[in-house]
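In my numbering, the protein residues as written are 2 to 685.
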């Protein structure tokens, strides 16, 4: 209770500090390049778990003429949207939340956008609406008692919108929901990736199938805006009939977008029907099939394991995501570059202008160090590592770097203090310092900016985002045509609950590192949801949040998307004082972990030594020590080493110890296995 209350109090204090800055005229907006879709994606990701839990639908709609590359303050824009979407989620028990971006006016230099958030929630009277934008005021006293809050969020949002040269207004009626809409002026960025590329979809014939009319309108509208031809269908049982009709008219569909969860017949069953119709000759020219899902692609991939699908789209669908999905199957490698890591195209080409640049990675977690090194070196960058902020400051003092990637939470000296000290060094004032942070709260990002950091990127690494950010801040190099590092590009295995393609990009194709992370995940985090529950019961809220943070990091590194998302959502709920949301999130996390660990163990059970399968090597001190070291460091080679020498090892152990060792290895409890071997000698 104390931790929950303190988290809620922290949110109140941050609101008051922002309000105080506004009142004193000391709040200034940044002017930095950003991508509008990334801000919308961050807002969506923050609220999707609770939206999914409440059974709501979230839609994001961007008008066709809207430029996506902007210059302004993405942090403060996100703060306004987080407040408006957060209120919509809070006050809506059923129905939908619709975020819409419209083009108002603009030229080649500037644009005015209108951004609205519409919900189907409880609504407000005119008297309540008139009071909302006053400081410390909510709709009425019962609102504060039931939903909490400071009454400052909308006041702060109004002032931020005014700083963006815009206005904000509300339209609402009791029982009919609310629409908050604001305008904002931005400069247009240099990279107009959104104008000409989409016309390459001209002529695409698509069938969009979804029982939700808003989804049909948004997805169909995007395709039509790109000069494609979209047919929409709300009844999934009529898909084959519609395909036959299109073929008879000489205009068969090239692509079908199928919503996964639909009444009568879900998307997976429809895909099977399409396959059967093609096999029987009923459909002569079967289309490519893209499945659309509202939340967990992992669960969808498990259900659709035996169905041939050409691609996936995750709601809310944005223009770049749609473009990438279509171009990824029509012409692989031509997806929009900022989303290359999601479309199947390599993002490493993004680093071409800065190849050879020297990057300092300041990070205390050895696994995160290895992931960052693998990824950056494959992109053609030189990498140095520092284990904490103090070592990082000393490294900058003694060496020349082109940029610093700075973790936030480290022993001895954290990232904020390290940044402040680097700025005081000769030449340190102009060195690009980019925060690596899993925190999504505006106050965390503001703390980075206040400490003197230039930008921030997500943890775990998102390849396109990481390289785009580095290119934004590192000066281009004259001799940039440097060969890329050679990596192990063997295909990553398909494991339920893991996006193997994304993991391969994140880990630079290093399969050995991927296997090591799988071992660590299954060894260290089995039963973690229950451990978090125990910590909460004991009111050890910091311990619970720390455990979830660690789980999120390892799961994110292997692209176990559902587990990472749920762990992140549960951690955020604890830190924000939303204790009522935590039990449901932990229940879902426990189920997702069970599915994931079962799939990992099933896969790893088949991993054997390729050198001499089934043949035991003579046991000697060096081999045994190599096995123990591999177990202690969670190295993937441990299982292969054990497989090759287990018969000799068991001759040196009692039957009980042998059984315990086998069980530990089979269940990937590497720490326990290392302990069992610690007292063994090498000879027999």
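Glycine residues also receive a C-beta, built at the ideal position from the N, C-alpha and C atoms.
As the structure is a prediction and not an experimental result, all values here were calculated from the model.
- Boundaries of the beta strand (DSSP E) around residue 186: 179–189.
- Residue range 464–474 is occupied by the alpha helix (DSSP H) that includes residue 464.
- When the alpha-carbon of residue 260 is set against those of 323, 246, 536, 292, the nearest one is in 292.
- Only residues of its own chain outside the window of five on either side were considered, and among them none has a CB closer than 6 Å to the CB of residue 679.
- At least 7 Å separates the beta-carbon of residue 248 from that of residue 274.
- With contacts defined by Cβ atoms closer than 7 Å, residue 461 and residue 312 do not form a contacting pair.
- In terms of Cβ geometry, residue 559 and residue 499 form a close pair [threshold 7 Å].
- Annotation: the stretch 39–112 contains the following complete segments of the beta strand (DSSP E) (minimum length 3 residues), in chain order: 58–63, 70–73, 97–107.
- Taking the Cβ atoms as the reference, residue 237 lies roughly 31 Å from residue 180, outside the contact range of under 8 Å.
- In the three-state reduction of the DSSP assignment, residue 431 falls in the helix class, which pools H, G and I.
- Assignment of residue 522 by DSSP, reduced to helix, strand and coil, places it in the helix class.
- Rounded to the nearest angstrom, the gap between the Cα atoms of residue 48 and residue 661 is 44 Å.
- Fully enclosed alpha helix (DSSP H) runs of no fewer than 4 residues occupy 367–379 of the stretch 361–386, in order along the chain.
- Counted as a single uninterrupted DSSP element, the stretch harbouring residue 238 is not any beta strand (DSSP E), since DSSP gives it neither H nor E.
- Secondary structure at residue 256: strand, using DSSP grouped into helix, strand and coil.
- For the pair residue 554 and residue 526, the Cα-to-Cα distance works out to about 12 Å.
- Between residue 114 and residue 133, the CB-CB gap reaches or exceeds 7 Å.
- Here the alpha carbons of residue 501 and residue 495 stand approximately 6 Å from one another.
- Scanning its chain for C-beta atoms nearer than 8 Å, with the 5 sequence neighbours on each side dropped, one finds around residue 66 the residues 104, in chain order.
- Buried is the label assigned to residue 635, since at least 16 other Cβ atoms lie within 10 Å of its Cβ.
- In the displayed model, residue 311 falls within coil according to three-state DSSP, outside both helix and strand.
- In the DSSP assignment, residue 223 falls outside any beta strand (DSSP E) and within the unbroken alpha helix (DSSP H) covering 214–226.
- Rounded to the nearest whole angstrom, the CA to CA distance from residue 43 to residue 102 is 15 Å.
- Under the DSSP assignment, residue 162 falls in the alpha helix (DSSP H) whose first and last residues are 154–164.
- By a beta-carbon distance limit of 8 Å, residue 594 does not contact residue 664. Their separation comes to about 20 Å.
- Less than 7 Å separates the beta-carbon of residue 628 from that of residue 642.
- If you draw a 10 Å sphere on the C-beta of residue 29, you find fewer than 16 other C-beta atoms in it, and that means exposed.
- In the structure shown, residue 495 adopts coil according to DSSP, grouped into three states.
- A direct Cα-Cα distance of roughly 33 Å separates residue 174 from residue 575.
- Restricting attention to 88, 99, 206, 81, the CA atom closest to the CA of residue 162 is found in 81.
- Distance from the CA of residue 324 to the CA of residue 506, rounded to the nearest whole angstrom, comes to 20 Å.
- Between the alpha carbons of residue 449 and residue 122 lies a distance of about 35 Å.
- A direct Cα-to-Cα measurement between residue 432 and residue 405 gives close to 8 Å.
- In this structure residue 586 is in contact with residue 570, their Cβ atoms being roughly 5 Å apart against a cut-off of 8 Å.
- Counting C-beta atoms within 10 angstroms of its own C-beta, residue 398 has fewer than 16 neighbours from the protein chains shown and is therefore classed as exposed.
- In this structure, DSSP gives residue 555 a helical state, which the three-state scheme calls helix.
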